[in-house]
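In our numbering, the protein residues as written are 136 to 449.
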Amino acid sequence: MGRKRKKTNYPHEYDVVEGTQDLQGISPSLHSQEPAPLSETYRLKKTTKDTHSSVICKLTRICHIPEIIEEIKRICVIMKQVQLEGWHLANLHLLRCLHEGEELPELSQMFFYRCCAASLGNIESRDRCKQEPKYSSFHQTCLRYWTGRERTVTYAAESFINGGDIINEMAKLMEINAGNMIALQFRRRLYQYIRFRYAPVGVVQLKNRVMKRLVDSCFRVKTVPVVDEDGNSTDMTEKSWTKWDETDDPVEKELREWLQIVPWQWQIRANATHFVRKLYDMLSWMEAFVKNNPTTKGTRLYSLLPVSTTYQAA
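Next up, the structure:
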């Protein structure tokens, strides 16, 4: 049998409320007896941006099977080499299309997947002798790449079977990195191009004040009146972020006619191939300028897409 609980009343501690369940009628003494919060509290700051973090640890801490560890290391070495050659092949294909006047491919995940897969030896042996390839322009680039790779007799292309999922994930990251490089670095390339391209005769480069004015003119947009729901203009104005304002400067007009699109980052991401052509125009002019002025500072050349120049097996 259970123990009987002793009934004890504490009239001096509690107030009795009859005929109601309204919490407002309960004495404050019945509320939580937690201590009052301190005057200085710390809370997590809310943010609208997505945060990403990576955790690095030794492989042996999460896997204790030596055979699996060695297989993971082998695959990582192969994928690092595949990524290196994939970037090289992507740059090579863009340069060939631009130089020969062919249509540029969309810089999508599938394009980088094809670039990475084409670097594998088993894919080369399968596609090299195709008479009617699905992507004829890309196939021509691959043939030139494979022919050049054969000249390095000490190098053997990696072979990787059933690795489509891994290559697909890597191609997704390459697409993101390529878009970031084009969008984030375009303004810097434009600064360099204007600095030397529009310098007066007998002068190597523009003054900073003039250079900044010309670059800013490429981003100076028109102000338009705000329209209400009925289509009538109001007294308020707003920026039209896709249209330039009026200008009488011939150099500013020339730059805008050449750009065709206001080079905001979101515009560059939405029209990547268009701005790749502009990067190629600037790069071609800078290459000729560097050839004639090899010792001029600030004339460092660049690639259209990210590229790896060194590789070391882990």
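Where a beta carbon is used, it is the ideal one built from N, C-alpha and C, also for glycine.
So, is residue i buried or exposed, given that buried needs 16 or more other C-beta atoms within 10 angstroms?
i: threonine 430; result: exposed
i: threonine 276; result: buried
i: glutamine 320; result: exposed
i: glycine 298; result: buried
i: valine 411; result: buried
i: isoleucine 191; result: exposed
i: phenylalanine 295; result: buried
i: glutamine 340; result: buried
i: arginine 249; result: buried
i: phenylalanine 354; result: exposed
i: glutamate 238; result: exposed
i: glutamate 259; result: buried
i: cysteine 232; result: buried
i: isoleucine 302; result: buried
Report all residues from its chain with a CB closer than 6 Å to the CB of residue i; omit the five preceding and five following residues, and keep chain order.
i: leucine 229; result: Leu439
i: tyrosine 437; result: none
i: threonine 417; result: Per the sequence shown, the amino acid found at residue 417 is methionine instead of threonine. So the list reads Arg324, Tyr328, once near-sequence residues are dropped.
i: cysteine 198; result: Ile204
i: serine 272; result: Glu237
Take residue i and list the residues in its own chain whose beta-carbon comes closer than 8 Å to its own, dropping the five residues that flank it on each side.
i: valine 356; result: Lys374, Ser375, Trp376, Thr377, Lys378, Trp379, Asp380, Val397
i: serine 243; result: Glu310
Could you give the distance in angstroms between the alpha-carbon of residue i and the alpha-carbon of residue j?
i: phenylalanine 247; j: tryptophan 281; result: 17 Å
i: alanine 318; j: proline 441; result: 12 Å
i: proline 240; j: cysteine 251; result: 15 Å
i: arginine 279; j: glycine 337; result: 42 Å
i: asparagine 406; j: valine 217; result: 27 Å
i: arginine 284; j: glycine 256; result: 11 Å
i: leucine 349; j: aspartate 262; result: 49 Å
i: tryptophan 420; j: aspartate 370; result: 46 Å
i: valine 425; j: phenylalanine 331; result: 10 Å
i: methionine 245; j: glutamate 389; result: 36 Å
i: leucine 308; j: isoleucine 213; result: 17 Å
i: arginine 404; j: lysine 413; result: 14 Å
i: leucine 196; j: proline 268; result: It is arginine, not leucine, that sits at residue 196 in the sequence shown. Between arginine 196 and proline 268, the C-alpha separation is close to 46 Å.
i: lysine 347; j: tyrosine 326; result: 8 Å
i: arginine 209; j: aspartate 300; result: 16 Å
i: asparagine 427; j: valine 362; result: 53 Å
Residue i by DSSP, collapsed to three states: which one?
i: histidine 166; result: Low local confidence applies: a pLDDT of 46 at histidine 166 is under 50, so the model's placement there is unreliable, with the coordinate-based value given in what follows. Three-state result, histidine 166: coil.
i: valine 336; result: coil
i: threonine 431; result: coil
i: lysine 378; result: strand
i: lysine 357; result: strand
i: serine 368; result: strand
i: valine 345; result: helix
i: glutamate 373; result: strand
i: valine 362; result: strand
i: lysine 193; result: coil
i: lysine 208; result: helix
i: proline 441; result: coil
i: glycine 298; result: coil
i: alanine 306; result: helix
i: arginine 231; result: helix
i: leucine 255; result: coil
i: glutamate 267; result: coil
i: isoleucine 403; result: helix
i: proline 398; result: coil
The ligand FMN heavy atoms versus the CB of residue i: any closer than 7 Å?
i: glutamate 389; result: For the structure depicted, the ligand FMN is absent and the ligand set is empty, with no information on it obtainable.
Less than 7 Å between C-beta atoms, sequence neighbours within five positions excluded: which residues of the same chain meet that for residue i?
i: valine 359; result: Thr372, Glu373, Ser375
Problem - At least three beta-carbon pairs within less than 8 Å, the segment 284-301 to the segment 384-397 - result: The segment 284-301 is not in contact with the segment 384-397.
Practice task
Specify whether the segment 215-232 and the segment 302-318 touch according to this definition: at least 3 beta carbon pairs, one from each stretch, less than 8 Å apart.
Solution key: yes
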